[in-house]
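Worksheet: one structure, shown below.
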Amino acid sequence: MMVVGAGTALNVATILAGSALGVALGHRLPERTRNVVTDGLGLVTLLVAALAAAAVTDSELTDAVGRGIPILIVLGSLLIGGIAGSLLRLESRLEGLGEWIRTTWHRHSPTPSDGQSGDARNFVDGFVTASLVFCVGPLAILGSLSDGLGLGIDQLALKATLDGFAAIAFAASMGWGVAASALVVGVYQGALTVLGHTLGSVLTSAQIGALTATGGLLLVGIGLRLLRVRDIPVAELLPALLVAPALTALAVALH
Numbered sequence: 002m003m004v005v006g007a008g009t010a011l012n013v014a015t016i017l018a019g020s021a022l023g024v025a026l027g028h029r030l031p032e033r034t035r036n037v038v039t040d041g042l043g044l045v046t047l048l049v050a051a052l053a054a055a056a057v058t059d060s061e062l063t064d065a066v067g068r069g070i071p072i073l074i075v076l077g078s079l080l081i082g083g084i085a086g087s088l089l090r091l092e093s094r095l096e097g098l099g100e101w102i103r104t105t106w107h108r109h110s111p112t113p114s115d116g117q118s119g120d121a122r123n124f125v126d127g128f129v130t131a132s133l134v135f136c137v138g139p140l141a142i143l144g145s146l147s148d149g150l151g152l153g154i155d156q157l158a159l160k161a162t163l164d165g166f167a168a169i170a171f172a173a174s175m176g177w178g179v180a181a182s183a184l185v186v187g188v189y190q191g192a193l194t195v196l197g198h199t200l201g202s203v204l205t206s207a208q209i210g211a212l213t214a215t216g217g218l219l220l221v222g223i224g225l226r227l228l229r230v231r232d233i234p235v236a237e238l239l240p241a242l243l244v245a246p247a248l249t250a251l252a253v254a255l256h
C-alpha cells in the first residue's frame with residue numbers, strides 16, 4: 002500500500018535532483034543557450050496553461066452553474082484574489098522568503114558561490130519563478146488531494162517527472178534558487194495532501210473545474226514572465242485559487 006505523502010516526497014526529490022544537474026550543466030552552457038531553454042519552457046507553460054484554462058468549458062461546471070457563468074467565476078476569482086494578494090503584498094513576501102533562504106543557504110554553504118547564481122537577484126528569481134511554476138499548476142492541487150484521499154500518486158508522479166526536467170532547465174539558467182523551491186512544494190503539496198486525507202473529498206467536480214481554469218490563467222502569467230514579455234505579479238493572484246471554489250459554490254446555490 003502506497004504511503005500517503007509519497008507523491009510529494011517524490012516531487013521534492015526530482016526537483017532537488019534536477020536542480021543539481023541543471024547547475025552542473027549551467028557551467029557548460031552559454032548564456033544564449035540557457036535563454037533559449039527558458040524560452041522553450043515559457044512556450045510549454047503557455048500550452049499547459051491553455052489546456053488548464055479550457056476547463057472553463059467543462060460540462061460539469063457549466064451544468065452546475067449555467068452557461069456563461071464559469072467565465073464570470075474565473076474573472077471574479079482573479080479580481081477578488083488579486084485585490085487580496087496585492088493588499089497582503091504576497092509577491093514581495095515571497096521574494097523576501099527567497100532572499101532569507103538565499104542568505105541562510107550561503108551562510109551554511111561550504112562554498113560561497115556556485116559561479117552561476119552568485120547574484121542575489123538571480124537566486125530570488127529562480128526561487129520565486131520555480132515555486133510558482135511548480136505550485137500553481139492543477140496537477141499540484143488535484144494530485145495532492147488524490148494522494149491524500151488514497152487514490153494513488155499517479156498524477157503527482159507525472160508532475161514530479163515534469164518538474165524534474167523543468168528544474169534542470171531552470172537551474173541551468175537561474176542556479177540554486179530553483180532547488181530552494183522544493184521547500185515550498187513540500188509544504189504546499191503536503192498541506193493539500195493532509196487536507197485531502199483529513200476532510201475527504203472537499204471539492205465538487207464543478208469547483209475543481211473552476212479552480213483548474215483559474216490556475217490555467219495564472220500559468221499564462223508565468224509563461225509571460227518566462228518569455229520576458231511582462232513581469233506579472235502572479236503571486237499576488239494566488240488567492241484566486243481559494244476564491245474560485247467559493248464563488249462556484251455560491252453560483253451553484255443561486256442557479
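If you want my numbering, it's the position in the sequence shown, counting the first as 1, plus 1. Where a beta carbon is used, it is the ideal one built from N, C-alpha and C, also for glycine. Bear in mind that the values here come from a model prediction, so they are computed numbers and not experimental data.
Three-state class that DSSP yields for residue i in the structure shown
{"i": "T15", "result": "helix"}
{"i": "D59", "result": "coil"}
{"i": "T213", "result": "helix"}
{"i": "G82", "result": "helix"}
{"i": "P240", "result": "coil"}
{"i": "P31", "result": "coil"}
{"i": "R226", "result": "helix"}
{"i": "I233", "result": "coil"}
{"i": "H198", "result": "helix"}
{"i": "T130", "result": "helix"}
Inter-residue spacing [alpha-carbon to alpha-carbon] between residue i and residue j
{"i": "T194", "j": "L140", "result": "12 Å"}
{"i": "L143", "j": "G127", "result": "25 Å"}
{"i": "L212", "j": "L255", "result": "19 Å"}
{"i": "G206", "j": "E61", "result": "Before going further, note that residue 206 is Ser rather than Gly in the sequence given. For S206 and E61, the distance between alpha carbons rounds to 6 Å."}
{"i": "S118", "j": "L133", "result": "For S118, the pLDDT reaches just 40, beneath the cut-off of 50, and the residue's location in the model is therefore unreliable, although a value from the coordinates is still provided. Rounded to whole angstroms, S118 to L133 spans 19 Å at the Cα level."}
{"i": "T199", "j": "A192", "result": "10 Å"}
{"i": "L98", "j": "G27", "result": "24 Å"}
{"i": "T215", "j": "R231", "result": "19 Å"}
Segment limits, alpha helix (DSSP H) that includes residue i
{"i": "D164", "result": "155-175"}
Residues near residue i in its chain [Cβ-Cβ closer than 6 Å; skip 5 each side]
{"i": "S147", "result": "Q156"}
{"i": "L95", "result": "V129, A236"}
{"i": "L22", "result": "I169"}
{"i": "A180", "result": "L17, S20"}
Close beta carbons around residue i, own chain, < 8 Å, minus the five adjacent residues each side
{"i": "A14", "result": "A161"}
{"i": "L1", "result": "In the structure as shown, the chain starts at 2 and stops at 256, and residue 1 therefore has no counterpart that could be examined."}
{"i": "T9", "result": "S145, D148, L157, V186, G187, Q190, G191, T194"}
Residues near residue i in its chain [Cβ-Cβ closer than 7 Å; skip 5 each side]
{"i": "I72", "result": "V57"}
{"i": "V185", "result": "S132, C136"}
{"i": "P234", "result": "E92"}
{"i": "T63", "result": "P71"}
heavy atom of the ligand GTP below 6 Å from residue i C-beta
{"i": "L11", "result": "Because no ligand of any kind appears in the structure shown, any question about the ligand GTP cannot be addressed here."}
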